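Peer 1: Here full-length UniProt numbering is used: the first residue of the sequence shown is 1, the next is one more, and so on.
I am attaching a structure below and will ask some questions about it afterwards.
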Amino acid sequence: MKKLSLILAAVSILVTGCSEPTDSSAQVSASATAVADPAVVAKQQLLNQGKSRAISCTACHGLQGISNVAMYPSLAGRDAAELKQLLVAYRTGEKVNPLMSPQAKALSDADVDLLAKYFSVLPAK
Ligand code: HEC
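And the structure:
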């Protein structure tokens with residue numbers, strides 16, 4: 001009996017010793033780094049905020065900023081500064097279009113910034 005419990009104790013020490021979680025602890029620290037990466041967090045925030053603000057735009061410019069209708073230009077993957085400049089031009093009346101002008105006039109400065117950046121990070125066709 002004594003021998004048997006000694007053997008059991010030895011076996012359990014061996015088993016726990018062997019299951020030392022070396023790679024699972026590596027996984028934990030890798031995912032912790034990904035979550036904390038400020039660039040990843042910022043891009044996700046931009047995508048979330050932009051998506052909800054862009055709902056009205058997507059009716060004409062396509063769900064992902066890619067339009068299948070020639071009269072509506074695609075916006076995805078284009079330069080953010082250029083998109084911003086175009087939006088500002090419609091807002092000030094420098095550029096006029098009966099469909100687009102009222103859309104741009106309803107945008108705040110923050111909206112213009114957000115939407116220009118949002119469409120620029122969406123993948124182009
Ligand atoms: C009712 C349809 C409609 C909606 C909604 C709309 N647009 Fe437009 N948009 C247009 C049309 C049409 C043009 C092209 C105008 C022209 O040819 O002058 C345009 C042009 C643009 C341009 C210039 C692109 C270029 O290559 O010249 C940008 C940028 C733009 N829209 C962004 C937006 C954003 C951001 C929203 C949402 C706030 C939006 N649009 C909502 C119809 C729409």
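Using N, Cα and C, we set each Cβ at its ideal position, and we do this for glycine too.
In this text, all values refer to a predicted model and were calculated from it rather than measured experimentally.
Would you mind sorting residue 56 into buried or exposed? The rule is 16 or more other CB atoms within 10 Å of its CB.
Peer 2: Exposed, by the Cβ-count rule.
Peer 1: Are there 16 or more other CB atoms within 10 angstroms of the CB of residue 108, so buried, or fewer, so exposed?
Peer 2: exposed
Peer 1: Verify the contact flag: residue 68, CB atom, against every heavy atom of the ligand HEC, threshold strictly below 8 angstroms.
Peer 2: no
Peer 1: Please identify the residue among 76, 61, 48 whose C-alpha is closest to the C-alpha of residue 70.
Peer 2: 61
Peer 1: Alpha carbon to alpha carbon, how far is residue 37 from residue 122?
Peer 2: 20 angstroms
Peer 1: Please state whether DSSP places residue 108 in a helix, a strand or coil.
Peer 2: coil
Peer 1: With 16 other CB atoms within 10 Å as the buried threshold, where does residue 41 fall?
Peer 2: Counting C-beta atoms within 10 angstroms of its own C-beta, residue 41 has fewer than 16 neighbours from the protein chains shown and is therefore classed as exposed.
Peer 1: In three-state terms, what does DSSP make of residue 84?
Peer 2: helix
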